[in-house]
Amino acid sequence: MSEHLPALQVVVPLLAAPVCFALRNAAFARAVCLAATWSSLAIAWTLLRQVLQSGPISYALGGWPAPLGIEYRVTVVGAFLLVVVSAVASIVLLYDRGSEQQRLPASRHYLYYATFLLCLAGLLGIPITGDLFNIFVFVEISSLATYALIALGRSRRALLAAYSYLIVGTIGATFFLIGIGMLYQMTGTLNIEDLRQRLPDVLDTRTVLIGFSFLVVGTAIKLAVFPLHQWLPNAYSYAPAKVSAFLAGTATKVSYYVMLRLIFSIFGVGFVFATHRFDLVLMPLSLAAMLVGAIAACYQDDLRRLLAYSSISQVGYMTLAICLANVQGLAGGIVHTMNHGFTKSALFLVIATFVQRTGSSSVGSVAGLGRVMPLQGIAFLVGGLSLIGVPGTAGFVSKWLLVLGALEKGQVWVAVAMLLSSLLAVVYVWRVVEKLYFGEPVASASSEDGESEAPGPSGSALWRATPTALLIGLVILLGIWTEPSAEVALAAASELLGVAR
Amino acid sequence: MNGLATLIGAEQALLAALILPVLGAACVALLGRAPQVRDAVLVAFALVTFLTTIQLVAPVAAGERPGVELFEFISGISIAFEVEPLGLVFALVASGLWGVTAVYAFGYMRAHHESNQTRFFGFFALAIAAALGIAFARNLVTFFLFYELLTLSTYPLVTHHQDDEARAGGRVYLGILFGTSVALLLLAVIWTFQVAGTTEFQGGGILPTELTSGVVLALLALYVFGIGKAAVMPFHRWLPAAMVAPAPVSALLHAVAVVKAGVFGVLKVIVYVFGLDTLTMLRGDAGLGGRVVLYMACFTVVAASVVALFQDNLKRRLAYSTVSQLSYIVVGALLAHPLAWLGAALHIVTHAVGKITLFFCAGAIQVGAHKKKVSELGGLGRQMPWTMGAFLVASLSIIGLPPLAGVWGKWYLVRGALAVDEPIVVVVLFASSLLNIAYLLPIGVQAFFGEPPAPSDGSDVAKAPQLCVVPLVLTAFLTLVVFVAAPQIGSFVEGAW
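These protein sequences, in sequence, are chains A and B. Just so you know, we're using the numbering used here here: the first sequence kicks off at 1 and counts up by one. Just so you know, we're using the numbering used here here: the second sequence kicks off at 1001 and counts up by one.
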């Protein structure tokens, strides 16, 4: 059984999706969905422990060995991402039932769970597969499901947001596919391990260079690297609350993994940074993302757009880690997928709860809510402090490693830019905190506003508080206990860079 | 006292001192509905915390360094505590004056009919816990953690009134303190870890000797300006901005816990991270450049005193006086001579008792006579003799007149400056003392010998609540006690280097 865990990691959510579809009942579908996500988390955790103990696990899907069949390959960095994605999915799914299906009639709520599971299957497939074309397939599975999920948002603008994401995302996927084609032409293989071995012979050809460009740009679109980030704010702010929380914690993180694989496993540091000085492109873009994203966040009047622009800024930290290309810095980027994923998901859930109460997601609408909803207020505060990177929260750990990596590389100014960006985070976080604790609460939303959400069923307050509390608890725990996060990330970074710890 | 010492070991006392204020905050939160019980419990917690901290004196004086390690943060860095003389002195000042301030705060908050008193006392206790965490931090990361917690826990105190003025003051407070710590101090800490491979405080310093003087100077500047709580110009604006807080907050936090956490941090970093040798070398290598930070602190001493001279709002005048006095300590730390360090350490104590008295008096005047401006205080001494008497005594102590505490700090600072041949510092210290006289002494003198600004119709007889007056007389008396005890404190602190 346990040797089939890599396959089960993808198969469980993938098969649970049609089961949900077949059940045609929201309550049953929800139960199936919860069971599938939590067992995914258990599998991911087991895989991570195995891989830390005994090195990478290779699994031939269907018993067909690598050149013919598809190889699943569990690496430390991949298993780490599996844990992040499945944990965010499991916890976010606990969030109250009444919030995600506004555009679906009650009789078809099961479709939401089926789509959610498909998306999860795709996101889990990417970090585990050892085959480049298979990555493309999983990217498409998750993307198509994501477009559908975003379109479920309560505002009509959600359709437009989903549509524009569909266009941009498809362009990205196409680029990715073109890149794969070029590599296949040059090497005759799609397996990442084989690519790694065969590419050095043809690295100086123009085809490989163009293939690299297509692959990286395609991934960068999905990762929302500045200036390819335009789709993200709309997608995050018009998607259903739970979907925003789920995507914010997973989608860009998995794309980040693809970027890591491309640069460090397939093409190699020598080709990317030494020969072609890709850092001269990525470094300025990362710094721009960090600063422009944070500045834009300061000027947003919509809470979810504020968080979305903050995400663009945080993606800048992660891509910066790639340019540092040393163990400390890269570990900072990898651990940030977890730290920022949990933090941002928690914040989106808090905002969802505020929206549920006030019917509006403008910054002004949360005035005084910190006193009316003390736990949610504290959750926002802690999450915000983690975005800033205050010690005692998860965000501090990432920042510590990133700054250390920058200093180790002798780039003091990069460290300074990173810290300046956290100063901007103080501004956009504190704008909301001030509103939460200083203003007077406005009267609850009038129900005649057609767009406002109906108050959730009684007892849903608990369902709302539990996942937020879990995520915030993790944010604090991972701020002081870094064995499952930073230590694993350091191991993952050493693995990617091929150095012994 | 000695009986208790046998009951609990030094490690337990250390842990208890850190946990007790947090428990106190929890009890305050639970007892919010019974204000009398809540206040009594709070004072009890303050007293027990102080007594527990005292338990640490004997072992530390005997050369022990009791420590506790909580958990490992990232490999090689732990959240850990260790008691050393310098930190213990700061901890004693903070925890000792906490109880006095608590009593004062009851009187003040009641008389002023302040709302949200439970929240106020709760965060107050948390701030003390954070200050003790800073005092006992074994390494820079622990120090930084509690430094930020202190900023966060005092923010609700500064913005207690929750009006627009409080919000504006809170923005400056948080903006400068977070800004300097996140942008400068954190960079300094990580940089130190990168070059030294450790963040542990160690006697003699941890910086490797092969560092160029440029890097050492950069680190020095990052630390001195990054510890924004030390209020070295140009990062001093948060202190006057924080004066929107109720008087007890100004008294304890902005004369003692917060600002002293800042200068204590500077002193601790200089003694245990840089060390005497590194700084002596820097003085030799870098020439004038090596003194830039020192002269910036000297400038702060004089400039803040001049600004204080022109403030009519009493609390603002005291705030600028604090900015000036804090830089005495920074100057003392930067002089890098055992005598100057002794002066800096003593000044932490002597200025604390003096300035807390002055802030207590300012609050009592506000409550009793409803006056905030210096120009309105003429003749007040006849109505509030105890308060204004204490004010006069504390003023003289700050100015540095024997037999009051303030003289010791200045004495050793001047001796330290002479020992390292920095005549400019000596001139600055004397100029500042003259300015102290100019902006502090007239207030007390006018109160007793001046005339009221407008003829009093006798309807508003100024009277402060007893709960306010007793603590401020006590702290004024403490300036005398500290004067006598200073040699003991000095020889205790000298165990640090």
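The beta-carbon is built from N, C-alpha and C at its ideal position, and this holds for glycine as well.
Proximity test, Cβ basis, 8 angstroms: Ser447 of chain A and chain B:
As a working mapping, residue 447 of chain A is identified with position 447 in the first sequence. With a pLDDT of 39 at Ser447 of chain A, under the threshold of 50, the modelled position of that residue is not reliable, and the figure given next carries that caveat. With 8 angstroms as the cut-off, Ser447 of chain A does not count as an interface residue toward chain B.
Just checking: is the beta-carbon of Phe21 of chain A within a distance shorter than 8 angstroms of some beta-carbon in chain B?
For the purposes of this step, residue 21 of chain A is taken as residue 21 along the first sequence, with counting starting at 1. Answer no: the Cβ-Cβ gap between Phe21 of chain A and chain B never drops below 8 angstroms.
With a threshold of 7 angstroms on Cβ separation, who are the neighbours of Ala493 of chain A within its own chain once the five nearest residues in sequence on each side are excluded?
Numbered from its first residue, the first sequence carries residue 493 of chain A at position 493. Val327, Leu330, Ala331, Ile334.
Does DSSP classify Val1067 of chain B as helix, strand or coil?
Along the second sequence, one-based indexing puts residue 1067 of chain B at 67. The sequence given here places Gly at residue 1067 of chain B; Val does not occur at that position. DSSP places Gly1067 of chain B in strand when its eight states are reduced to three.
Can you list, in chain order, the residues of its chain with a C-beta nearer than 7 angstroms to that of Leu1020 of chain B? Leave out the 5 residues immediately preceding and following it.
As a working note, residue 1020 of chain B is residue 20 in the second sequence. Closer than 7 angstroms at the Cβ level, and outside the excluded window around Leu1020 of chain B, lie Phe1045, Val1048, Thr1049, Thr1052.
Please classify Ile980 of chain B: is it buried, with 16 or more other beta-carbons within 10 angstroms of its beta-carbon, or exposed?
No answer is possible for residue 980 of chain B: the residues shown for chain B start at 1001 and end at 1497.
Counting only runs that start and end within the stretch 1093-1157 of chain B, where is the alpha helix (DSSP H) found for 4 or more residues in a row?
1117-1136
How far does the beta strand (DSSP E) with Tyr72 of chain A in it reach, from first residue to last?
As a position in the first sequence, residue 72 of chain A is number 72, starting the count at 1. Element bounds for Tyr72 of chain A: 71-74.
Contact list for Pro484 of chain A against chain C, beta-carbon separation under 9 angstroms
Although the question refers to chain C, the structure presented lacks it and instead comprises the protein chains A and B.
With a threshold of 8 angstroms between beta-carbons, can Pro455 of chain A be considered close to chain B, or not?
In the first sequence, the residue the question calls residue 455 of chain A occupies position 455. Caution applies to Pro455 of chain A, whose pLDDT of 45 falls short of 50 and renders its modelled position unreliable; the value that the coordinates give is listed next. So, not an interface residue.
Terminal residues of the continuous alpha helix (DSSP H) containing Glu140 of chain A?
On the first sequence, residue 140 of chain A is found 140 positions in, with the first residue counted as 1. Segment 132-151, the alpha helix (DSSP H) holding Glu140 of chain A.
Which term fits Phe1178 of chain B, buried or exposed, when burial requires 16 or more other beta carbons within 10 angstroms of its beta carbon?
Residue mapping note: residue 1178 of chain B aligns to position 178 of the second sequence, counting from 1. By the neighbour-count rule (16 or more Cβ atoms within 10 Å), Phe1178 of chain B is buried.
Inter-stretch contact at 8 angstroms, needing at least 3 Cβ pairs: the stretch 413-428 of chain A / the stretch 340-350 of chain A
no
Give me the DSSP bridge partner(s) of Ser362 of chain A.
Position 362 of the first sequence, counting from 1, holds the residue named residue 362 of chain A. Ser362 of chain A is bridged to A:Asp302.
Distance, Cα to Cα, Leu1150 of chain B vs Ala1127 of chain B?
The sequence position of residue 1150 of chain B within the second sequence is 150, counting from 1. The sequence position of residue 1127 of chain B within the second sequence is 127, counting from 1. For Leu1150 of chain B and Ala1127 of chain B, the distance between alpha carbons rounds to 5 angstroms.
Using the Cα positions of Leu1318 of chain B and Leu160 of chain A, report the straight-line distance between them to the nearest angstrom.
Counted from its first residue, the second sequence places residue 1318 of chain B at position 318. Counted from its first residue, the first sequence places residue 160 of chain A at position 160. Whole-angstrom Cα-Cα distance: 59 angstroms.
Indicate whether Val1028 of chain B and Gly1133 of chain B have their beta-carbon atoms separated by less than 8 angstroms.
Indexing the second sequence from 1 puts residue 1028 of chain B at position 28. Indexing the second sequence from 1 puts residue 1133 of chain B at position 133. Judged by beta-carbon spacing, Gly1133 of chain B lies beyond the 8 angstroms limit of Val1028 of chain B, meaning their Cβ atoms are not closer than that value.
Please report whether the beta-carbon of Gln1162 of chain B lies at a distance below 8 angstroms from any beta-carbon of chain A.
In the second sequence, residue 1162 of chain B corresponds to position 162, counting from 1. Judged by the 8 angstroms Cβ criterion, Gln1162 of chain B is in contact with chain A.
Between the stretch 1075-1093 of chain B and chain A, which residues of the former have a C-beta closer than 8 angstroms to a C-beta of the latter?
The stretch 1075-1093 of chain B vs chain A, Cβ under 8 angstroms: Ser1075, Ile1079.
Taking the C-alpha atoms as reference points, what is the distance between Gly188 of chain A and Asn134 of chain A?
Counting from one through the first sequence, the residue named residue 188 of chain A turns up at place 188. Counting from one through the first sequence, the residue named residue 134 of chain A turns up at place 134. Cα-Cα distance, rounded: 15 angstroms.
So with CB distances below 7 angstroms, who are the chain A contacts of Trp1191 of chain B?
To locate residue 1191 of chain B, count along the second sequence from 1; it is residue 191. By Cβ distance, chain A contributes Leu407.
Could you give the first and the last residue of the continuous beta strand (DSSP E) run that contains Tyr59 of chain A?
In the first sequence, residue 59 of chain A corresponds to position 59, counting from 1. From DSSP, the beta strand (DSSP E) with Tyr59 of chain A extends over 57-60.
Tell me whether Glu495 of chain A sits in a helix, a strand or coil according to DSSP, three-state version.
Residue 495 of chain A sits at position 495 when you count from the first residue of the first sequence. Helix, per DSSP.
Since Asn962 of chain B sits in a beta bridge, which residues does DSSP pair it with?
Outside the modelled stretch of chain B, which goes from 1001 to 1497, sits residue 962 of chain B, for which no answer is possible.
Check whether the Cβ of Leu404 of chain A lies closer than 8 angstroms to any Cβ atom in chain B.
Along the first sequence, one-based indexing puts residue 404 of chain A at 404. So, interface residue.
How long is the line joining the alpha carbons of Ile388 of chain A and Leu474 of chain A, rounded to whole angstroms?
Position 388 of the first sequence, counting from 1, holds the residue named residue 388 of chain A. Position 474 of the first sequence, counting from 1, holds the residue named residue 474 of chain A. Roughly 16 angstroms between the two C-alpha positions.
At which residues does the beta strand (DSSP E) containing Phe1449 of chain B begin and terminate?
What you label residue 1449 of chain B is simply residue 449 of the second sequence in a count that begins at 1. Note, Phe1449 of chain B: premise wrong, no beta strand (DSSP E); alpha helix (DSSP H) at 1423-1449.
Uninterrupted alpha helix (DSSP H) stretches inside the stretch 299-387 of chain A (no shorter than 4 residues):
Entirely contained in the stretch 299-387 of chain A, the alpha helix (DSSP H) runs reaching 4 residues are, in chain order, 303-324, 327-358, 369-372.
Starting from Arg1167 of chain B, find everything on chain A with Cβ-Cβ shorter than 9 angstroms and list it in chain order.
By 1-based counting over the second sequence, the position of residue 1167 of chain B is 167. Contact annotation for Arg1167 of chain B against chain A: Glu434, Phe438 [CB-CB distance below 9 angstroms, chain order].
Report buried or exposed for Thr207 of chain A, applying the criterion of at least 16 other Cβ atoms within 10 angstroms of its Cβ.
One-based indexing of the first sequence puts residue 207 of chain A at position 207. With fewer than 16 Cβ atoms within 10 Å of its Cβ, Thr207 of chain A is classed as exposed.
I'd like to know if Glu487 of chain A contacts chain B, where contact means its C-beta is closer than 8 angstroms to some C-beta of that chain.
Along the first sequence, read from residue 1 onward, the residue named residue 487 of chain A stands at position 487. It does; some Cβ of chain B falls within 8 angstroms.
Using the C-alpha atoms, what's the distance from Ala89 of chain A back to Thr1278 of chain B?
Position 278 of the second sequence, counting from 1, holds the residue named residue 1278 of chain B. Position 89 of the first sequence, counting from 1, holds the residue named residue 89 of chain A. Cα-Cα distance, rounded: 53 angstroms.
Quick one: which residues of the stretch 1011-1022 of chain B get their C-beta closer than 9 angstroms to a C-beta of chain A? List them in chain order.
none
Taking Ala1183 of chain B as the query, report the chain A residues whose CB atoms sit under 9 angstroms from its CB, ordered along the chain.
Looking up residue 1183 of chain B in the second sequence gives position 183. Residues of chain A passing the Cβ test: Val416, Leu419, Leu420, Ser422, Leu423.
May I ask which residues mark the beginning and end of the beta strand (DSSP E) holding Ala1080 of chain B?
Here residue 1080 of chain B refers to the residue found at position 80 of the second sequence. Ala1080 of chain B -> beta strand (DSSP E) spans 1077-1082.
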